[in-house]
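Below is one structure, written out as structure tokens; the observations come after it.
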Amino acid sequence: MKADELDKRYDPAAIEQRWYKEWESRGYFSPVEDRERPRFAIVIPPPNVTGRLHIGHALVNTLIDIVSRWKRMSGFNTLWLPGTDHAGIATQMVVERELAREGLSRIEMGREAFLERVWNWKEEHKDVIKNQLMRLGASCDWSRERFTLDAGLTRAVREVFVRLYHEGLIYRDLAMINWCPRCRTAISDIEVEHRDQTGRLYLIDYQLEDGSRAIQIATTRPETMLGDTAVAVHPDDDRYEGLTGKMVVLPISGRRVPIIADSILVDPEFGTGAVKITPAHDKNDYLAGLRHSLPQMQVIDEGGRMSSAAGDGFEGLDRFEARTLIVEMLQSSGALRETRQHAYAVATCAKCDTVIEPMVSRQWFVKIAPLAEPAIAAVRSREVTLIPETWESTYFNWMENIHDWCISRQLWWGHRIPAYYCDGCGELLVTLEAPESCPACGGIKLRQDPDVLDTWFSSALWPFSTMGWPDKSEDVETFYPTDTLITGFDILFFWVARMIMMGIHFTGKPPFSHVLLHGLVRDEHGRKMSKSVGNVIDPLEVIDELGADALRFTLAIFSSGRDIPLARSRTLGYAAFANKIWNASRFALMHIDEELKDADSIMREDLAPVERWILSRINTTTREVNRALSVYRFDEASNLIYQFFWHEFCDWYIEMAKPVLLGRHGEPAQRDSAKRVLLEVLDRSLRLLHPFMPFITEEIWQKLGGVEPSIMVAPYPIPEESLEDREAETLIGVIQQMITAIRNLRSDKGFTSKDRFRLFLACKDPRETSFFLQNGYLLIELARLSEVLVNQIPPSGAHRDLIGGVEIAVEFPQKVVSPDQLMRIAKEIEQLEIELATGDAKLANEFFIARAPARVVEQTRERRVEIVARLESLRKNK
RNA sequence: GCGGGGUUAGCUCAGUGGUAGAGCAGCUGCUUUACACGCAGCGGGUCGGGGGUUCGAAACCCUCACCCCGCACCA
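Here the first sequence is numbered in the working numbering, starting from 229 and rising by one per residue.
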């Protein structure tokens, strides 16, 4: 391999897709058959089958891929199971919009034709997101790809529904539910979003039937007064004493409704202390209505328009138009006494933003408390660990106050509820397969419930339904329960909690042991990405421009925290990192000969200190990276590799190895050793990096001639005690400090890199003397000196300092001190004097000596010696 | 109202008891044969305010201020 085969500049587009296809064709994404290995399983949070990859997908799948690749390289039999979600409302909406453009509607088409259309649409779009995940480098096992409406998953859904029904945990009942008039379906409580807004509060007089007085009520929704069936006051409210039981006449409709007393509904402090009650269109009024057996009048229909019950002149009117009309009518009749500004939260549909209409409706529910209980216990016992832990209290808070889950949706796209009604006797049958006839009356006219299930119902089963449950399939046996779930905190309730509940109930085990809840990607200033602000980052565009590796690395290094502010400047920085890796490898490959690749492992005793140093450093990095990954700190892990590779390996080691590699110093044997170490460190670095930057690492690694056919199946580095070398770290550390100090002086005194000086070193012992005699070339090269003289008398004018216990003296042509340097010296002296004073105060403090750990006291003493020496040097050289 | 999180360099963020960190931005040098997507150097922070615990607090406790996010309510 010749380095000139590599371009000077790294071009990700040229290699990324080639490698993905290669890995897939070699079957690297599938688990191996080796039963001896420990296994690791993870399921994808299924994206919408018709969706496009957004930055949130890029984040979660990058993190999953890092874990998967790390585990795979670490010897685990690893499964990452991919798939997509049918996403009931979202998908149906998209297809309906398409139909609308053609002037069609699903109602006109009919259920079957519409579903056929959606399936076709799904077939056309399903590979979009799959291909995008591939571009990201996602190493999932496509042979196990699942879709929530697959036959197998549908069977699991029906099984679960039927079993829960017969256990009494699914029921059908009349209840007040959240209705979206635009989606024309019920939705669950967590699909409702509350938006703060400033609206109006209307104070309206309701006249008593006998005309003796009026009772003033307050409302934000005057249109619902058409459905009022009572007025409530607080039983202890003096203002309304004696009115309970009397009748008021509703303005406009002229209906008579009673005044009732209710201490639960009415807060005497709010508004006028009198409340109109519309049991059919308000959750609290509904409950009050039940308490007082009030009739329900549905005056708003499923499309959000006034119904026939609203009366002549209103029927067919949109609810907001009706509000305007009613306010006008009340105003002209004089019943509207006052309109106030009023801040309140309006309930909206999370999917389409339409204002929710509370409705009384017969729906299917999951009785959730019995399922929640063991799911709470599982997290409490840490059988399931939430990461970061702070999410536990949020989880408990929600689970302990959980409400029954409305699971029926008046949609067509989804899992149809396996309930059948007998036309003959009205019997309700819940069965796995459609019954032929009614077991109660023998009738054969059976109708299936028209509703489908909430999308999250099938998602809740994802970790086991995808593996073949309810069968005892091999995958269930091998890979269930899974190990880690990685997803956004925004679906903790929608998805994670429900998976834990269903998993425990149906398999007896939580579906995963660890849940990593990552933050949400935002723009560089922490703002939510939105089309209207124009700050949306398209991951595909970033991949096209800077490469998947750069995007992945950016996401990983930012992944801690609740908000992930993604800045283009950062991605550019990590694209530069990829380029750095490329060029460092180019340099290495210039010096690595073919025979070297097969050479035996390195003999430690033959290594130079600088070689032992870099091996020790990568060993430490290896230990830290593995530790960080094991606790899902992708930010720490990626940062460690970044710092090591760029600043230690490139900036220091390669520069220190150059004199030997380029033949300016040392024997041929030393050169071979330097080459081997260079190869070794590069190889380990690439393997450490591979989970983060799979493409570039593979491309380069192939040229190094490793034993394995791909870096994907090469072992992940683990720390090796034999590589650790404290002595080398100390010695090279001193050399680095000296080089830095000399560079500082050169810069301060206004010399350029062409000016060369002599350096004098005064060593304490023969061991130190021999080290600097042998390694002085490092100082000459990196600090650009003319000569290093050990244990010789420096000229009187030389700049002196003490570094790592070694006295140094640099001979500058003349003593040039710039004003800048004078200022800095003065400042440093000042700081050191403060530090010296506080240190002395500590050491003089008997409590410090007595109570602080001996190590800390010792450190403080050592530091004092350094400070004193440094001060002396600074004052002398001023 | 209930619960959670935050406030550290110009920007975005790490840092859970022992000498304040990173990246980016800024400034100054440098065509040093891997890389100008580079190299070297520099400046920049009373760690939101106050109190406490401790030999020692950015970190632990209390309190105040401001910001953010859930949940519930909102006639």
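The beta-carbon is built from N, C-alpha and C at its ideal position, and this holds for glycine as well.
Inter-segment contact for the region 375 to 390 and the region 635 to 648 is present: three or more beta-carbon pairs are separated by less than 8 Å. In this chain, the alpha helix (DSSP H) harbouring T683 covers T683 to S687. With respect to L493, P507 sits apart: the two C-beta atoms are not nearer than 7 Å. Note that the C-beta distance between R374 and G331 is not below 7 Å. At least 7 Å separates the beta-carbon of M727 from that of Y708. With respect to M940, W370 sits apart: the two C-beta atoms are not nearer than 7 Å.
Taking 7 Å as the cut-off, the Cβ atoms of T710 and F740 count as close.
H753 sits in coil when the DSSP states are folded into three classes, being neither helix nor strand.
Boundaries around Q965 are those of the alpha helix (DSSP H), R954 to D976, since no beta strand (DSSP E) includes it. Here DSSP, grouped into helix, strand and coil, assigns S813 to helix. For R428, the enclosing beta strand (DSSP E) starts and ends at V420 to L436.
Here C878 has A812 as same chain residues with Cβ atoms under 6 Å from its own Cβ, once five neighbours each way along the sequence are excluded. Residue state for Y1005 is assigned as helix, using DSSP reduced to three classes. Between D540 and K579, the alpha-carbon positions lie close to 33 Å from each other.
In this structure, the alpha-carbon of M453 lies about 39 Å from that of K756.
Secondary structure remark: continuous alpha helix (DSSP H) runs of at least 4 residues inside the region 708 to 750, in chain order: 725 to 735. Of the residues assessed, H1027 falls on the buried side of the cut-off, its CB having 16 or more other CB atoms within 10 angstroms. Excluding the 5 residues flanking it on each side, L599 has same chain C-beta neighbours closer than 6 Å at M729 and H733, in chain order. Between the alpha carbons of D546 and A442 lies a distance of about 29 Å. Burial of G455 is indicated by the presence of at least 16 other C-beta atoms within 10 angstroms of its C-beta. Residues P450 and E451 of the same chain have their beta carbon placed closer than 6 Å to that of I554, with the five preceding and five following residues left out of the count. In the structure shown, W641 adopts coil according to DSSP, grouped into three states. Taking C-beta atoms under 8 Å as the contact rule, I292 and I317 fail to qualify, at a distance of about 26 Å.
Counting only residues of its own chain and dropping the five nearest sequence neighbours on each side, T376 has a CB closer than 6 Å to the CB of D313, H314 and S686. In the pairwise beta carbon analysis, the region 286 to 306 is classified as touching the region 359 to 368: at least three pairs are separated by under 8 Å. In summary, R372 is buried, with 16 or more beta-carbon neighbours lying within 10 Å of its beta-carbon over all protein chains present.
DSSP places R363 in the helix class (H, G or I) of the three-state scheme.
Contact annotation: Y430 and T552 have beta-carbon atoms that are not nearer than 7 Å. Per DSSP, the unbroken alpha helix (DSSP H) holding V770 starts and ends at P767 to L774. The straight-line gap separating the alpha-carbon atoms of I1031 and Q965 is approximately 7 Å. Residue pairing by DSSP places A502 opposite V461 in a beta bridge.
Here N847 is buried, its C-beta having at least 16 other C-beta atoms within 10 Å. With the rule of 3 Cβ pairs closer than 8 Å, the region 590 to 604 does not count as touching the region 711 to 720. DSSP places D513 in the uninterrupted alpha helix (DSSP H) bounded by K511 to R519. Boundaries of the beta strand (DSSP E) around L307: N305 to L309. Taking the Cα positions, N807 is about 43 Å away from E611.
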